[in-house]
Amino acid sequence: MQDPIKILGVPVHAMTMQEAVKTLEERMLAKEQTFVVTANAEIIMMCQENAEYKKIICEDAELVLPDGAGAVWAGRHLGYKVPERVAGFDLYNELLDLSAHKGYKAYFFGGSPGVAEAAKAKSEELYPGVQVVGCHNGYFKDEDVPQIIADINASGADMLFVALGAPKQEKWLVAHRAELNAKILMGIGGFDVLAGKMERAPKWMQDASLEWAFRLYKQPSRFMRMMALPKFVIKVMASKF
Ligand code: UDP
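Below, the structure is given as structure tokens:
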């Protein structure tokens, strides 16, 4: 795997979507477990403020991909070649498509009761032949964890998608990865978009790097969280000097 670039001290693998999927598939076939993180500006900023989270992203994740216009801009601003944005939602869809073609098994863990199941139904419509072999909602007690892990392992899942919100999902994956047989471990924003319960920004907005504006418009409560974005831009500009 190529050496990562560094954005505010966070290693990011500046590869294309196709290269990311190929890397994940090759490692899976070699029986190597990969914890993959799609790092957007918010995640990179969370690393600046939370040492535990930074350790997870910098030391535990084998693959960290540039998600969001902010991460791509930052990499390029710092003088690196960043071919494209590898958004978590897009990578998730690519891996489901791969499952449909190659029979790899996926498990959806997280979200409100019924949402992962709705995403499974939608993925079966979008990617005929996709193997979603199990679902579990993301509202559980600590004492339920052994049973959840047993269910994931019994399903034979090769890829585990976890939507518990950041940083909870990354912490959960790192704490339990040794007990999990799945070879691709990935935290995602939620199953809600695929399940049709939440809208994603239209393609033109994504292409114009305006996905953040769409999210803010749909969920004004995200305002405080999104303040991370201008802070990120200022920090990256300052880090250049
Ligand atoms: N979630 C979950 N269990 C939790 C907390 C969150 O399954 O204990 C799910 C939630 O249903 C949503 C996703 O994790 O699908 C992201 O949650 P968050 O509250 O971080 O929402 P965001 O603001 O990122 O959309």
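Offset between the sequence shown (1-based) and our numbering: plus 4. Note that the Cβ used here is the ideal one computed from N, Cα and C, for glycine as well. These numbers were taken from a predicted model, which means no experiment stands behind them.
Any heavy atom of the ligand UDP closer than 6 Å to the CB of serine 293?
An answer regarding residue 293 cannot be provided, because it is not within the stretch 5 to 245 covered by the chain.
Answer yes or no: the CB of alanine 167 versus the heavy atoms of the ligand UDP, is any distance below 6 Å?
Under cutoff, so the answer is yes.
Among the candidates Phe112, Glu66 and Trp208, whose CA atom is the shortest distance from the CA of alanine 167?
Phe112
Enumerate in chain order the residues of its own chain whose CB-to-CB distance from asparagine 157 is below 6 Å, with the five nearest sequence positions on each side excluded.
Asn185
DSSP three-state call for lysine 124: helix, strand or coil?
helix
Jot down the residue ranges of each uninterrupted alpha helix (DSSP H) in the region 87-135, minimum 4 residues, whole runs only, in chain order.
92-106 and 119-130
Run through the region 29-58 for me and flag every whole alpha helix (DSSP H) of 4 or more residues, listed as ranges in chain order.
45-53
Does at least one heavy atom of the ligand UDP sit under 6 Å from the Cβ of leucine 116?
Reading off the sequence, residue 116 comes out as serine, not leucine. Yes.
Looking at the structure shown, is proline 150 part of a helix, part of a strand, or coil, going by DSSP?
helix
Less than 7 Å separating the beta-carbons of glycine 83 and alanine 45?
Cβ atoms of glycine 83 and alanine 45: not closer than 7 Å.
Helix or strand or just coil, what does DSSP make of proline 224?
helix
Comparing alpha-carbon positions, which option in Gln22, Gln52 and His81 lies nearest aspartate 94?
Of Gln22, Gln52 and His81, the residue nearest in Cα terms is Gln22.
Can you round the beta-carbon distance between threonine 42 and valine 90 to whole angstroms, since I take them to be within the 8 Å contact cut?
The Cβ separation is near 6 Å, so the contact holds.
Considering methionine 241, what are the terminal residues of the alpha helix (DSSP H) in which it resides?
232-243
If lysine 172 and valine 137 are in contact, beta carbons under 8 Å, what's the gap, nearest whole angstrom?
The Cβ separation is near 23 Å, so there is no contact.
Taking Cβ positions, are isoleucine 61 and valine 16 nearer each other than 7 Å?
no
Beta-carbon separation of aspartate 196 and methionine 202 under 7 Å?
yes
Tell me whether leucine 177 sits in a helix, a strand or coil according to DSSP, three-state version.
helix
Tell me whether histidine 140 is buried or exposed, calling it buried when 16 or more other Cβ atoms sit within 10 Å of its Cβ.
buried
In its own chain, which residues sit with a C-beta less than 8 Å from the C-beta of lysine 239, not counting the 5 before and 5 after it?
Leu12, Met49 and Gln52
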